[in-house]
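Numbering (this note's numbering), first residue to last: 4 to 184. By construction, the Cβ of each residue, glycine as well, lies at the ideal position given by its N, Cα and C atoms.
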């Protein structure tokens, strides 16, 4: 995708995220730092800082699919880690208490039911299985798919934000209300 088009389309997705009541109500934003092949999350991260939200980015803890989020004060708190991914530096404090958090989740593709195809290590599925806040996938409209193979370990997101629409899945429960059972 040409850089100007990607920036414009990513900004449209960011605007969908900002319009969410869950974004407005959250006190903590958990957000991946995008790579060149993903929706650009830089505008989401910068806006969260400007809105006075606590911001945390993921750090892969091991090669077995374990990941935690760490608070960052600015993008200066990020360093290049494995596979060229930006992660919080070692001095960053581990995030916790996610009841009023919104987690922005990456994928190669999402279904309208919130299932995702990631990069194959299960980091987000492991994290989301115990996450008590709201999860929101970000994806270009053209990367929505009808169905994906799933198994019992796959954790769908509650919301999928695209350029032209926001999809609330049947797993949706607003920030501060807890997950549906």
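When only Cα atoms are considered, residue 102 and residue 138 end up about 11 Å apart. Between the segment 109-120 and the segment 150-170, the count of Cβ pairs shorter than 8 Å is three or higher; the stretches touch.
For residue 126, the enclosing alpha helix (DSSP H) starts and ends at 126-132.
With a cutoff of 7 Å on beta-carbon distance, residue 70 and residue 118 are scored as not near each other. Residue state for residue 6 is assigned as helix, using DSSP reduced to three classes.
For residue 48, the closest C-alpha among the options 60, 143, 41, 156 is that of 60. A buried status is given to residue 110, since no fewer than 16 other beta-carbon atoms sit within 10 Å of its beta-carbon.
Bounds of the alpha helix (DSSP H) holding residue 53 are 45-53. Less than 7 Å divides the Cβ of residue 33 from the Cβ of residue 106.
Closest in alpha carbon position to residue 136, among 176, 98, 124, is 176. According to DSSP, residue pairing for residue 140 in a beta bridge involves 108, 163. DSSP places residue 175 outside both helix and strand once states are collapsed to three, so it counts as coil. In the displayed model, residue 85 falls within a helix according to three-state DSSP.
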